[in-house]
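What follows is a set of notes on a single structure, which appears directly below.
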Amino acid sequence: MPTIQSIEARDFRRQLEDGAGSDAVHTNPQYGYGVTLLKADNGITGSGIAYTLGTGTNLVCDAIRILAVPLQDRDIEELMAEFGAVQRSIAEHTALRWLGPHKGVTHLALASITNACFDLWAKARGVPLWRLLLDLSPEEIVRLIDLSYLEEELNADEAAEMVRVNQGTRAEREDVLKTGYPGYDTSVGWFQYSD
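Quick note on numbering: the sequence shown equals residues 2 to 196 in my numbering.
Here is the structure:
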């Protein structure tokens with residue numbers, strides 16, 4: 002399977018027209034994305050993004066560059082087989098954990114890195130991510146998640162059992178793969194369109 006050969010963080014920003022994307026608190030946002038690119042030795046690239054309001058995107062990208070170092074030269078299948086533990090070890094970076102680890106810049110960087118890992122994994126397997134996830138066993142699904150914040154109430158075996166129980170009714174939900182599901186817009190006024 003592919004091995005992560007290089008890691009790149011990019012700072013993308015888009016200036017918005019006056020009033021677009023603003024609210025009572027964020028009156029002049031510039032949309033930004035801290036992008037993680039994981040390039041594999043077979044030529045595929047996994048990408049992940051974390052949304053910002055522009056200013057500070059550079060901080061997210063700096064955190065991506067630092068936090069993603071342990072992914073270098075990792076086989077994507079081996080990485081994802083224990084992704085929950087990997088994510089926890091990255092989040093608990095000994096020199097940076099005081100900045101987060103589960104909030105702010107660090108959390109945004111982890112989100113971008115996580116998205117890139119899942120994207121690379123699905124591309125490596127040649128299937129959409131939703132299909133990859135549906136085909137996993139309950140135990141494999143649980144190993145993707147850092148349950149450390151829940152383990153006093155829910156351990157890995159209990160979480161796997163919850164997934165297993167719901168697999169029994171999976172057929173009831175599979176029609177959505179053929180028919181899709183309805184979408185809606187929650188707020189016409191958000192983009193300053195008239196009703």
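Backbone N, C-alpha and C fix where the C-beta goes; we use that ideal spot for every residue, glycine too.
Can you check which of these residues, the options, is closest to residue i by C-alpha distance?
i: residue 178; options: 140, 3 and 135; result: 135
i: residue 83; options: 148, 128 and 97; result: 148
i: residue 51; options: 37, 43 and 44; result: 37
i: residue 32; options: 12, 119 and 6; result: 12
i: residue 17; options: 55, 44 and 48; result: 55
i: residue 81; options: 26, 126 and 59; result: 126
So for residue i, helix, strand or coil by DSSP?
i: residue 107; result: helix
i: residue 26; result: coil
i: residue 146; result: coil
i: residue 36; result: strand
i: residue 47; result: strand
i: residue 90; result: helix
i: residue 53; result: strand
i: residue 69; result: coil
i: residue 96; result: coil
i: residue 138; result: coil
i: residue 171; result: helix
Check this for me: beta carbons of residue i and residue j, under 8 angstroms apart or not?
i: residue 35; j: residue 123; result: no
i: residue 67; j: residue 100; result: no
i: residue 75; j: residue 4; result: yes
i: residue 165; j: residue 85; result: no
i: residue 106; j: residue 64; result: yes
i: residue 15; j: residue 58; result: no
Looking only at its chain, what residues have a beta carbon closer than 6 angstroms to the beta carbon of residue i, apart from the 5 residues adjacent to it on each side?
i: residue 46; result: 38 and 40
i: residue 9; result: 38
i: residue 168; result: none
i: residue 156; result: none
i: residue 142; result: 164
Who are the near neighbours of residue i in its chain, counting only those whose CB is closer than 7 angstroms to its CB and skipping five residues on each side?
i: residue 7; result: 40
i: residue 42; result: 3, 4 and 6
i: residue 87; result: 80
Cβ contact (3+ pairs, closer than 8 angstroms) linking the segment 154-161 and the segment 114-122:
no
Closer than 8 angstroms is the cut-off here; do at least three beta carbon pairs connect the segment 130-145 with the segment 60-77?
no
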